[in-house]
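Each remark here refers to the structure printed beneath this line.
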Amino acid sequence: MLFTQEHEELRRTVRNFVEKEINPYVDEWEKNPPFPAHELFKKLGNLGLLGISKPVEYGGMGLDYTYSIVASEEFGGIRCGGVPMAIGVQTDMATPALARFGSDELRREFLAPAIAGDMVASIAVSEPHAGSDVANIKTTARKDGDDYVINGTKMWITNSTQNDFFCLLANTGDGPRHMNKSLIVVPKKAPGISVSEPLNKLGMRSSDTAQVFFDDVRVPQRYCIGQEGMGFMMQMMQFQEERLFAAANSLRGMDLAISETIDYCRTRQVFDMPLIDNQVVHFRLAELKSEVELLRALIYQASEEYVNGKDVLQKASIAKLKAGRLAREVYDSCLQYWGGQGFMWDSMVARGYRDCRLGSIGGGADEIMLGIICKTMDILPGKKKK
8 MLFTQEHEEL
18 RRTVRNFVEK
28 EINPYVDEWE
38 KNPPFPAHEL
48 FKKLGNLGLL
58 GISKPVEYGG
68 MGLDYTYSIV
78 ASEEFGGIRC
88 GGVPMAIGVQ
98 TDMATPALAR
108 FGSDELRREF
118 LAPAIAGDMV
128 ASIAVSEPHA
138 GSDVANIKTT
148 ARKDGDDYVI
158 NGTKMWITNS
168 TQNDFFCLLA
178 NTGDGPRHMN
188 KSLIVVPKKA
198 PGISVSEPLN
208 KLGMRSSDTA
218 QVFFDDVRVP
228 QRYCIGQEGM
238 GFMMQMMQFQ
248 EERLFAAANS
258 LRGMDLAISE
268 TIDYCRTRQV
278 FDMPLIDNQV
288 VHFRLAELKS
298 EVELLRALIY
308 QASEEYVNGK
318 DVLQKASIAK
328 LKAGRLAREV
338 YDSCLQYWGG
348 QGFMWDSMVA
358 RGYRDCRLGS
368 IGGGADEIML
378 GIICKTMDIL
388 PGKKKK
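Each residue of the sequence shown is one higher than the one before, counting from 8 in this note's numbering.
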């Protein structure tokens, strides 16, 4: 992927914002979550960073998705996983279908304020019994006059204690489970919505995640995004951007873990020599750097092909799979070289170790990615291409 001057200017803008407006506060947000989403998102919105690839008529920059990948990579320099995850929910999970398929009225009402940072969005797909198995969701949206009446529960919903609306996937019919679902915008203020206490997570501590209950929640049918019954297809399309975003977002954090581990190993003396001088240490760090650069090349290639209209299902799935697994490998290896310091709760590598574990679960577990890759290779039993 050949970066233009505009790509590099965007990279500098995001990197400067991260260093000045986010990283100085991350430790406090980790200790006393959640981070102030409305305040931070408004600052991001003022710079246009919540609508990089969104239509200009609704406040976006109208740039191609390679620019979003550049921003995602730089958001990976945030010194925790929770904040960039929440940003990614706003930009690449809750709003892509709205931007692509929503009516003009719906986009003016919800997309424009989300891009401006005046509204915080959540994607409401997962349920207690249906995480990666999206087709198995039970939440229903029953028609009643001109409204939908929504009943069900959603689980592990990011931004849900601070958000203004949900992009919710619900069953709107009784047909085949891949054709009976719709994406619906549901305002948080709608009567019948209740939110649990924030969930106590292993990592991503600075973001707010909760269970959300919908009890006879009534919204106009005009809040349906695009054509009714096409929600599953739209969600699968959203997953492509989500997975590329997540993979790109992992890169800079791994870069920082490796570089800061190198600095530490240069100063740490073990048996009268710098730890970095042990071949097993510097060879391992070289291996990790090589793996990160290979992943970066794959992400850039997939992003370039995506903006040129090619099918990147396989490459996006490989990138998502590799990012989750490689992050665990990088942080685990780096933590080992920090020794006791690495085992301390507030150390950078310990935080990365905790936060990165979600990468192989959220947005489609590793096993789902492997199944998709097998399907694209035509080796998945019982699901061969015809």
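Where is the CB? At the ideal position from N, CA and C, for every residue including glycine.
Under DSSP, the beta strand (DSSP E) around residue i begins and ends at which residues?
i: residue 188; result: 188-194
i: residue 217; result: 216-227
i: residue 367; result: Run containing residue 367: none; DSSP gives neither H nor E here.
Answer with buried or exposed for residue i, where buried requires no fewer than 16 other C-beta atoms within 10 angstroms of its C-beta.
i: residue 393; result: With a pLDDT of 49 at residue 393, under the threshold of 50, the predicted position of this residue should be treated as unreliable, though the coordinate-derived value follows. Counting Cβ neighbours within 10 Å, residue 393 comes out exposed, since fewer than 16 surround it.
i: residue 78; result: buried
i: residue 364; result: buried
i: residue 352; result: exposed
i: residue 140; result: exposed
i: residue 126; result: buried
i: residue 294; result: exposed
i: residue 179; result: buried
i: residue 177; result: buried
i: residue 273; result: exposed
i: residue 304; result: exposed
i: residue 389; result: exposed
i: residue 286; result: exposed
i: residue 135; result: exposed
If you follow the alpha helix (DSSP H) that residue i is part of, which residue opens it and which one closes it?
i: residue 29; result: No alpha helix (DSSP H) contains residue 29, which DSSP labels as neither H nor E.
i: residue 197; result: Here residue 197 belongs to no alpha helix (DSSP H), and DSSP marks it neither H nor E.
i: residue 15; result: 12-24
i: residue 329; result: 320-345
Mind checking whether the beta-carbon of residue i lies closer than 7 angstroms to any heavy atom of the ligand NAD?
i: residue 112; result: The model depicted lacks the ligand NAD and carries no ligand whatsoever.
On a Cα-Cα basis, can you pick out the residue from the options that is closest to residue i?
i: residue 300; options: 46, 281, 333; result: 333
i: residue 222; options: 312, 214, 200; result: 200
i: residue 1; options: 232, 318, 371; result: Past the edges of the chain, shown from 8 to 393, lies residue 1, and the structure says nothing about it.
i: residue 163; options: 261, 191, 129; result: 129
i: residue 376; options: 305, 344, 328, 68; result: 328
i: residue 322; options: 250, 348, 153, 356; result: 250
i: residue 157; options: 226, 171, 31, 47; result: 226
i: residue 229; options: 266, 60, 108; result: 108
By DSSP's criteria, residue i is part of a beta bridge. Which residues make up the other side?
i: residue 277; result: 280
i: residue 177; result: 189
i: residue 261; result: DSSP, once it has assigned bridges, lists no residue as partnering residue 261.
i: residue 310; result: For residue 310, which the question treats as bridged, DSSP gives no partner whatsoever.
i: residue 202; result: 219
i: residue 237; result: 188
query = Can you list, in chain order, the stretches of the beta strand (DSSP E) that have 3 or more residues and sit fully within the segment 83-171?
reply = 128-131, 147-151, 154-165
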